[in-house]
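The numbering of the sequence shown is full-length UniProt numbering, which starts it at 1 and goes up by one.
From the three backbone atoms N, C-alpha and C, an ideal C-beta is built for every residue, glycine too.
Source: prediction; values computed, not measured.
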Amino acid sequence: MAKLNAVELTFPILQPELILEDKLNSFGSELFTLKDRDKQKYYLSPSCEDLSCVVIKKENSPLSKSCLPIIVYQINSKFRDELRVSESFCRSKEFLMFDAYSFHSNENCSSVYYTLLLESFKNMLDLMKLKYKVEERSEEGVESHEIRAVLGDPNSESDSDSETLEVAHLFKFGTSYSQKHDLRYETTDRLREDIYMNSYGIGLNRLLTALVKNFSDEVGLKFPQVVAPYDLTIISCNQETDELSTLLKRGLIRKGLSVLLDDRDETIKKKVLDSKRIGIPHMILLSPKFQRMKPNKINKELWEEINKNSRISNYYNLNQSPENLIYKKDTVNLSNYMDTAVEYHPISSVNSYIIKLRDLLSLLNVS
Numbered sequence: 001m002a003k004l005n006a007v008e009l010t011f012p013i014l015q016p017e018l019i020l021e022d023k024l025n026s027f028g029s030e031l032f033t034l035k036d037r038d039k040q041k042y043y044l045s046p047s048c049e050d051l052s053c054v055v056i057k058k059e060n061s062p063l064s065k066s067c068l069p070i071i072v073y074q075i076n077s078k079f080r081d082e083l084r085v086s087e088s089f090c091r092s093k094e095f096l097m098f099d100a101y102s103f104h105s106n107e108n109c110s111s112v113y114y115t116l117l118l119e120s121f122k123n124m125l126d127l128m129k130l131k132y133k134v135e136e137r138s139e140e141g142v143e144s145h146e147i148r149a150v151l152g153d154p155n156s157e158s159d160s161d162s163e164t165l166e167v168a169h170l171f172k173f174g175t176s177y178s179q180k181h182d183l184r185y186e187t188t189d190r191l192r193e194d195i196y197m198n199s200y201g202i203g204l205n206r207l208l209t210a211l212v213k214n215f216s217d218e219v220g221l222k223f224p225q226v227v228a229p230y231d232l233t234i235i236s237c238n239q240e241t242d243e244l245s246t247l248l249k250r251g252l253i254r255k256g257l258s259v260l261l262d263d264r265d266e267t268i269k270k271k272v273l274d275s276k277r278i279g280i281p282h283m284i285l286l287s288p289k290f291q292r293m294k295p296n297k298i299n300k301e302l303w304e305e306i307n308k309n310s311r312i313s314n315y316y317n318l319n320q321s322p323e324n325l326i327y328k329k330d331t332v333n334l335s336n337y338m339d340t341a342v343e344y345h346p347i348s349s350v351n352s353y354i355i356k357l358r359d360l361l362s363l364l365n366v367s
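The following block contains the structure:
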């Protein structure tokens with residue numbers, strides 16, 4: 001979104017009746033309704049197409065052609081009184097969405113941005129290694145594309161009969177919303193022209209459901225590293241390495257990784273299993289005995305797979321967590337620990353490996 005100069009904002013969850021009065025028939029009984037002390041009716045936000053038009057009109061009046069295109073987005077809760085609620089959070093009465101709205105001076109610009117966002121959504125799913133189908137639709141003059149994730153084995157060659165789940169939807173509304181809200185821009189001749197509007201939505205609950213259904217087994221989650229909750233888990237096997245585990249955590253966070261140090265008062269076995277359950281792709285165990293053990297090499301194919309996935313994840317995630325900012329000025333120096341041997345457990349393999357810290361950093365593409 002940054003490449004498109006999009007502006008992040010947060011629309012209010014409460015929407016006054018006046019804004020959604022034309023949507024009452026389309027949403028029907030799915031709208032959550034409430035009244036304030038003055039008996040004014042409000043709705044819990046089911047979508048923000050109308051509200052975005054009202055905000056753009058109010059905050060950019062008069063709106064000149066030079067201000068366009070405008071694209072705004074948010075990640076926020078939506079509410080619909082679903083008739084059939086799923087036991088999982090895939091279909092629920094409250095759900096989290098990424099939704100974006102773009103405004104354009106002409107149809108060509110609208111189409112260009114629509115295509116850019118459609119390709120961006122597809123690229124995102126490719127990064128997550130999700131297979132998907134794109135269904136093109138046209139109804140009452142509104143062009144749209146629905147993206148459905150294929151559920152099942154992502155490595156399967158055929159998905160023709162596989163179950164799918166809608167995870168994203170894009171709409172090209174033309175000038176219907178601008179005409180409804182009198183949202184226009186001024187030309188150099190002081191003429192007022194209708195604005196073209198698109199909307200783009202990703203259901204984050206549904207996206208997570210698709211990831212779980214595609215990347216999990218009897219042990220736990222096996223998400224691609226780019227969407228894993230952390231890059232690495234550190235587990236100290238005894239008190240002798242407790243201080244070292246803290247130092248390594250600080251040093252690795254300083255290098256930009258997201259690190260979970262499991263220092264709970266639990267057994268090593270439980271810590272290892274819990275790390276696998278939540279899908280952390282890399283795990284290291286620390287113990288003095290590993291220093292006396294001979295390192296064993298990771299085979300070339302596995303090394304290249306891990307290295308590639310780490311490189312992709314680092315491109316999007318390195319130095320992006322709040323902890324990375326906090327530890328940026330930390331004085332810990334990992335160069336003093338490069339020959340430290342650790343037991344490395346990649347989630348993509350049933351085997352574990354004794355490797356030096358310097359080799360681990362090389363494997364994870366961290367300098």
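(message) Can you find the residues in the same chain that come closer than 6 angstroms, C-beta to C-beta, to residue 369, ignoring five residues on each side of it along the sequence?
(response) Nothing can be reported for residue 369: it is not among the residues displayed for the chain, which extend from 1 to 367.
(request) Please name the residue in Asn-333, Asn-238, Ile-347 whose C-alpha comes closest to that of Ser-367. (result) Asn-333
(request) Can you have a look at Arg-137 and say buried or exposed, based on whether 16 or more other CB atoms are within 10 angstroms of its CB? (result) exposed
(request) Drop a sphere of 10 angstroms on the beta-carbon of Glu-49, count the other beta-carbons inside from all chains shown, and report buried for 16 or more, exposed for fewer. (result) buried
(request) Could you tell me if Leu-191 is buried or exposed, where buried requires 16 or more neighbouring beta carbons within 10 angstroms of its beta carbon? (result) exposed
(message) Considering just the uninterrupted stretch of the beta strand (DSSP E) at Glu-94, what are its terminal residues?
(response) 94-104
(request) Starting from Pro-16, follow its DSSP beta bridges and name the residues at the other end. (result) Tyr-42
(message) Assuming Gln-179 is part of the alpha helix (DSSP H), what are its boundary residues?
(response) 176-180
(message) Rounding to the nearest angstrom, what Cα-Cα distance links Ser-111 and Asp-359 in this structure?
(response) 48 angstroms
(message) In this structure, how does DSSP classify Pro-295 when only helix, strand and coil are distinguished?
(response) coil
(message) So if DSSP puts Thr-164 in a beta bridge, which residue, or which two residues, is it bridged to?
(response) Val-150
(message) What does the alpha-carbon distance come out to for the pair residue 406 and His-345?
(response) It is not possible to answer for residue 406, since the shown part of the chain is limited to 1 through 367.
(request) Would you check whether the ligand SAH has a heavy atom nearer than 7 angstroms to the C-beta of Asn-123? (result) In the structure on display, the ligand SAH does not appear, and there are no ligands present to speak of.
(request) Within 10 angstroms of the Cβ of Ile-326, are there 16 or more other Cβ atoms? Answer buried if so, exposed if not. (result) exposed
(message) Along the chain, where does the beta strand (DSSP E) containing Ser-77 start, and where does it finish?
(response) 70-79
(request) State the CB to CB distance for the pair Arg-206 and Leu-165, rounded to an integer number of angstroms; the pair is presumed to be in contact (CB under 8 angstroms). (result) 6 angstroms
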